[in-house]
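Asks: For what it's worth, the working numbering labels the leading residue of the sequence shown as 7, then goes sequentially.
One structure, pasted below without further comment.
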Amino acid sequence: MSTASAFKGKPVVALCGGVGGAKLALGLNRLIGADLTIIVNTGDDFEHLGLHVSPDIDTVVYTLGGLSDVERGWGRADETWNFMASLGDLGGETWFRLGDRDLAMHVERTQALRGGTTLTEFTTAMARRLGIAATLLPMSDDRVETMVMTADGPLPFQRYFVGLQCAPVVQRLEFKGAERAVATQQVLSALRHPDLAAVIICPSNPYLSVDPILAVADIRKALDAVKAPIVAVSPLIGGQAVKGPTAKIMAELGLPADSVTIARHYPFLSGLIIDETDREEADKIEMPVHVASTWMRSFEDRDRLAAECLKFAAQLSIVRKGESAA
Ligand code: FO1
């Protein structure tokens, strides 16, 4: 029996940030489609040029909807930049680039939110419209803003990430509004589903992209109560992230950039998937480890890693059942 059919009809939840996470989310969506719920980070969301921009949600929507620019990882394929060029000519802000095609999503979302539609309603409607089988959910309908506390002072996420290209030294992260944010009923139902088969933490930046999700207290509590295996894919390969500042931030926070640290970062984890390059780290990790090729260059790589996640989770669930029977 294939891994996908072993999971058929059993719900799986994935936690996901932007570019790196969306690659695995695509593989999972292709394997188990309607059985998958993806909870997406909204700590990167911000108001820009009067529009509500949700970068990680859009990255997942475009990736799973087959509309993404595969090279860049964010935004839409076949993009044009006339709006940005005209904005620049008028002396407007061009540090954060909104493509002409992409612009339509931000305009629609902003109008919908102003009209009283929730971010959850808008996101699920867009995903449906683009033919995405998985359920895509923002982590909360309440605003949570990732603030990067740096040696140069506090910076809103996109100012740090795009504006300053992650150059300032990170001292700590704050998730403004998280203390008041509530998880939606949809998010909690997915995590509390009695038949939940697995939770997969995608290889997103643990500090910038997954921690904002975990900062929503109801989500963290629900994860602590999950009986199904919770499996994370380490975003590091040989001490470096494929893309993004994970290793740089770890060094700045005084943490070794290795999979042992990633495993310790998620206290509720049942198992960690690490790259073949880091095989020798497996013995030092205090939980079950599965070694796989985690670099998702091709679409086949995304499907293969998704299948490995489900297979590993299935193995862990058998071990768990065995433990409780003994
Ligand atoms: N990333 C950049 O590096 N430069 C940009 O100008 C930029 C614009 C942008 C617009 C819409 C969108 O959905 C994403 C965009 N991103 C851009 C990506 C985004 O800043 C990051 O990938 C995430 O926030 C981190 O996950």
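We put the CB at the ideal spot given by N, CA and C, even for glycine.
1) Please list the segments of the alpha helix (DSSP H) lying wholly inside the stretch 116-191, counting only runs of 4 or more residues, in order along the chain.
2) Do D62 and N88 have their CB atoms nearer than 8 Å?
3) For D158, count neighbouring Cβ atoms within 10 angstroms of its own Cβ and tell me buried if that reaches 16, exposed if not.
4) Just to confirm the assignment, what range does the alpha helix (DSSP H) spanning A223 have?
5) Using a Cβ-Cβ cutoff of less than 6 Å, which residues in the same chain neighbour V237 once the five nearest sequence positions on both sides are dropped?
6) Which residue wins for smallest C-alpha separation from M256, given the options Q177, R198, H296 and V113?
7) Quick one: is P241 buried, meaning 16 or more other Cβ sit within 10 Å of its Cβ, or exposed?
8) Taking buried to mean at least 16 other C-beta atoms within 10 Å of its own C-beta, is F305 buried or exposed?
9) Here's the rule I'm using: 16 or more other beta-carbon atoms within 10 Å means buried, otherwise exposed. How should I243 be labelled?
10) Return yes when at least one heavy atom of ligand 1 lies under 7 Å from the C-beta of F89, else no.
11) For the beta strand (DSSP E) containing A298, list its first residue and its last residue.
12) Would you list, in sequence order, the uninterrupted beta strand (DSSP E) runs of no fewer than 3 residues that lie entirely inside the stretch 216-291?
13) Out of H296, R310 and D309, point me to the one whose CA is closest to L321's CA.
14) Q164: buried (16+ other C-beta within 10 angstroms of its C-beta) or exposed?
15) How close, in whole Å, do the beta carbons of K29 and R308 come, if the pair is a contact with beta carbons under 8 Å?
16) Is L73 a contact residue of ligand 1, with contact defined as CB to any heavy atom under 7 Å?
17) Should W101 be labelled buried (16 or more other beta-carbon atoms within 10 Å of its own) or exposed?
18) Closer than 8 Å by C-beta to T69: which residues in its own chain qualify, once you throw out the five before and the five after it? Chain order, please.
19) Evaluate D230 with the Cβ neighbour count: other Cβ atoms within 10 Å of its Cβ, from every protein chain shown; 16 or more gives buried, anything less gives exposed.
20) Taking 7 Å as the cut-off, is the CB of F305 close to at least one heavy atom of ligand 1?
21) Three or more beta-carbon pairs under 8 Å between the stretch 179-191 and the stretch 141-152, yes or no?
22) Suppose contacts are defined by Cβ-Cβ distances below 8 Å. Is V154 in contact with A187 by that definition?
23) Just the C-alpha distance for L394 and A234, rounded to the nearest angstrom, thanks.
24) Would L55 and V18 qualify as a contact pair, given that the criterion is a beta-carbon distance under 8 Å?
25) Which term fits L37, buried or exposed, when burial requires 16 or more other beta carbons within 10 angstroms of its beta carbon?
26) Report yes if the C-beta distance between T65 and G49 is below 8 Å; otherwise report no.
27) Roughly how many angstroms lie between the CA atoms of T86 and T156, to the nearest whole one?
28) In the structure shown, what three-state DSSP assignment does S323 receive?
Replies: On the basis of the data shown:
1) 125-135
2) no
3) exposed
4) A223 to A231
5) I206, G277, C315, F318 and A319
6) Closest in alpha carbon position to M256, among Q177, R198, H296 and V113, is Q177.
7) buried
8) By the C-beta density criterion, F305 is exposed, having fewer than 16 other C-beta atoms within 10 angstroms.
9) buried
10) no
11) V295 to A298
12) 236-239 and 277-281
13) Note on identity: in this sequence residue 321 is Gln, with Leu being the wrong assignment. For Q321, the nearest C-alpha among the options comes from H296.
14) buried
15) 5 Å
16) no
17) An exposed status is given to W101, since fewer than 16 other beta-carbon atoms sit within 10 Å of its beta-carbon.
18) A28, K29, A31 and L32
19) exposed
20) no
21) yes
22) no
23) Residue 394 falls outside the range modelled here, since the chain spans only 7 to 332, and no answer is possible.
24) no
25) Classification for L37: buried.
26) no
27) The C-alpha of T86 lies about 34 Å from the C-alpha of T156.
28) helix
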